[in-house]
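Beneath this line is the structure, given in structure tokens, with notes to follow.
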Amino acid sequence: MGTPRSYQTQAIIIKQSKLGELDKIITFYTPEFGKLKAVAKGACRPGSKLGGNVELLTHSVIMLAKGRNLDIVTQSQTINAFPVLKNDLWRTSCGLYVLELIDSFTLENNENRPLFDLLLDTLHRLCQDDNSETVLRYFELHLLHYLGYRPQLQQCVICNLPIKQTVNFFSSNQGGVLCPHCGQEMPEGHFLSVDALKILRLWQSCDYATARRVKIGAKLRSELEKVIQEYIKYILQRDIKSIAWLKELKKKSLVDNNNGTD
Ligand SMILES: [Zn+2]
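Heads up, the sequence shown is in the numbering used here, so the first residue is 781 and it goes up one at a time.
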């Protein structure tokens, strides 16, 4: 018996790169195998049917054949190409950020079904929901949870005392909240407002329908973004490339909006 020579799986295309003139190496995220790399032969050929079905930000069913090194994509059928996501620069950029995080945090052949579901749900939410910031923060927090990096928000990570509703500190390298006393002694901690703590705790434990109902002002939104993204950067020990691009786009849209109202 052994492993079958060909197999089928659902997959979301998270990365692609050229291999020689005509082929592509595609990185998929799948429910059964986690991250999976495979070769799509002829995918760079103009009009290739396979090529169209293995574009980034696409949910597909793929057939694979066992290869000596990398497996080979033999057939692919699109379940959802997410046109709403792809026809809007901001939504596309948010989607690519999500893919970059999935790729950066995962290893090949490491099944994580909840993470696959979170990824798929997040792509749908980016299509349906105009509040992309909440979609992204909710995604980041739950990604961290499913990968074993859930930030500790209930007790001080140093002295273990319950965290009170006051201005506390957050430390990325301690992985959670520090009480005011411990926070003062830790130079790397940042202030964490009462509201930010409340929202992080809520989002960590509630479903998305509840999370999206919370109304958040611009200042708090940027505090939440900063806390979570700095923690992510600390874990990965490097910058996430698409963050700089998202910031650039946001700046540009603020300028455009101001010009529009003058
Ligand atoms: Zn403490």
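Ideal Cβ placement from N, Cα and C applies to all residues, glycine included.
Rounded to the nearest angstrom, what separates residue i and residue j at their Cα positions?
{"i": "V864", "j": "E965", "result": "48 Å"}
{"i": "Y918", "j": "S952", "result": "18 Å"}
{"i": "N911", "j": "C874", "result": "11 Å"}
{"i": "D987", "j": "P826", "result": "43 Å"}
{"i": "E861", "j": "K817", "result": "According to the sequence as given, residue 861 is Ala; it is not Glu. Whole-angstrom Cα-Cα distance: 20 Å."}
{"i": "R905", "j": "E812", "result": "23 Å"}
{"i": "H970", "j": "Y1011", "result": "11 Å"}
{"i": "R848", "j": "E880", "result": "27 Å"}
{"i": "E835", "j": "Q796", "result": "8 Å"}
{"i": "R785", "j": "V819", "result": "15 Å"}
{"i": "D1019", "j": "K1013", "result": "6 Å"}
{"i": "Y787", "j": "L844", "result": "5 Å"}
{"i": "L887", "j": "C939", "result": "34 Å"}
{"i": "R992", "j": "K866", "result": "22 Å"}
{"i": "F885", "j": "S985", "result": "21 Å"}
{"i": "L830", "j": "E801", "result": "15 Å"}
Please say whether residue j and residue i have beta carbons closer to each other than 8 Å?
{"i": "I793", "j": "L799", "result": "no"}
{"i": "E920", "j": "G814", "result": "no"}
{"i": "G955", "j": "Q932", "result": "yes"}
{"i": "I1015", "j": "Y877", "result": "no"}
{"i": "P967", "j": "V947", "result": "no"}
{"i": "T807", "j": "D883", "result": "yes"}
{"i": "F950", "j": "L927", "result": "no"}
{"i": "V743", "j": "L958", "result": "Limits of the chain in this structure are 781 at one end and 1042 at the other, which puts residue 743 out of reach."}
{"i": "W870", "j": "L1029", "result": "yes"}
{"i": "C824", "j": "D851", "result": "no"}
Could you tell me which residues DSSP puts in a beta bridge with residue i?
{"i": "V819", "result": "I805, I852"}
{"i": "T810", "result": "G814"}
{"i": "P942", "result": "Q935"}
{"i": "Q790", "result": "V841"}
{"i": "N860", "result": "H839"}
{"i": "K795", "result": "T807"}
{"i": "S951", "result": "G956"}
Can you check which of these residues, the options, is closest to residue i by C-alpha distance?
{"i": "L980", "options": "H925, K1013, W1025", "result": "H925"}
{"i": "L923", "options": "C959, K1031, W983, Q935", "result": "W983"}
{"i": "Q855", "options": "D883, V957, W870, G822", "result": "G822"}
{"i": "V841", "options": "C824, Y809, W870, S828", "result": "Y809"}
{"i": "G997", "options": "K1030, L1026, K1013, T914", "result": "T914"}
{"i": "V994", "options": "I1008, Q1009, H839, A976", "result": "A976"}
{"i": "T838", "options": "L802, L899, L887, D803", "result": "L899"}
{"i": "K1006", "options": "L941, N1037, K1027", "result": "K1027"}
{"i": "K1031", "options": "Q1009, Q1017, D851, S1002", "result": "S1002"}
{"i": "S828", "options": "W1025, D851, Q857", "result": "Q857"}
{"i": "D897", "options": "Q1017, A1024, Q790, K1021", "result": "Q790"}
{"i": "I859", "options": "L903, N889, I1023, R893", "result": "L903"}
{"i": "I1023", "options": "K978, T872, D901", "result": "T872"}
{"i": "L916", "options": "Q1009, L830, W1025", "result": "Q1009"}
Got a sec: is the Cβ-Cβ distance from residue i to anything in chain C below 8 Å?
{"i": "Q908", "result": "Among the chains of the structure shown, chain C does not appear; only one protein chain is present."}
message: So if I measure from each beta-carbon to every heavy atom of ligand 1 and keep distances below 6 Å, which residues remain?
response: C936, I938, C939, L941, L958, C959, H961, C962
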